[in-house]
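Colleague: Residue numbering for the sequence shown follows full-length UniProt numbering, starting at 1 and increasing by one per position.
Questions regarding the structure given below will be posed in turn.
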Amino acid sequence: MNAPNPKAQARSAARLAAVQALYQLHMEKTPLARLLDEFHLHRLGGDVDGEQLAKAEVAFFDDIVRGYDARRDEIDQVVQDKLAQGWTLARLDKTMLQILRAGAYELVARPDVPTASAITEYVDVAHAFFDEREAKFVNGVLDAVARAVR
């Protein structure tokens, strides 16, 4: 078995934190600068209830959160276009919505990230919150987004 790649682990941690930050941005309307400061100081590789969090790649985290915020309408439209007829972003579970937003942002704005890597990573994030059915939904939507934008 191969040893874990520290850069890959840091990116995985950044993606999970970005989904959490986008959730907080969506639900609490925390100003972006304050939100980023809070995550930098307390959530990225910190200690929560005595458990050490994985070190996150801060610049990558910042790019996902700031990038989504700057391109919110474009990213939301790309995701909306790939939902089944009759479905809207507002109907989605709030955590699911943030997973799709972060994943779609990477697919749209980060050509340096391989398509399969981005999709797989967000399917893994979905597994942290949901069952297999929802993870497959994330896979399907992000695969459709990738086909449209790459």
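We put the CB at the ideal spot given by N, CA and C, even for glycine.
Looking at the secondary structure, which residues open and close the alpha helix (DSSP H) in which residue 61 lies?
Modeller: Looking at the DSSP string, the run of the alpha helix (DSSP H) that includes residue 61 is 58-70.
Colleague: Is the region 7-26 in contact with the region 114-124, if contact means three or more CB pairs nearer than 8 Å?
Modeller: Touching, yes.
Colleague: Residue 54 by DSSP, collapsed to three states: which one?
Modeller: Coil.
Colleague: By the 10 Å Cβ neighbour count, where 16 or more other Cβ atoms means buried, how is residue 28 classified, buried or exposed?
Modeller: Exposed.
Colleague: Among the candidates 100, 136, 99 and 58, whose CA atom is the shortest distance from the CA of residue 43?
Modeller: Residue 58 is the option with its Cα nearest to residue 43.
Colleague: Tell me, to the nearest whole angstrom, how far the beta carbon of residue 164 is from that of residue 141; I am working on the premise that it is less than 8 Å.
Modeller: The structure shown does not extend to residue 164, since the chain spans only 1 to 150, so no value can be given for it.
Colleague: Alpha carbon to alpha carbon, how far is residue 40 from residue 104?
Modeller: The straight-line gap from Cα to Cα measures roughly 23 Å.
Colleague: Do residue 98 and residue 23 come within 7 Å of each other at the CB atom, strictly closer than that value?
Modeller: Yes, they are a contact pair.
Colleague: Quick check: what's the CA-CA separation for residue 4 versus residue 61?
Modeller: Rounded to whole angstroms, residue 4 to residue 61 spans 20 Å at the Cα level.
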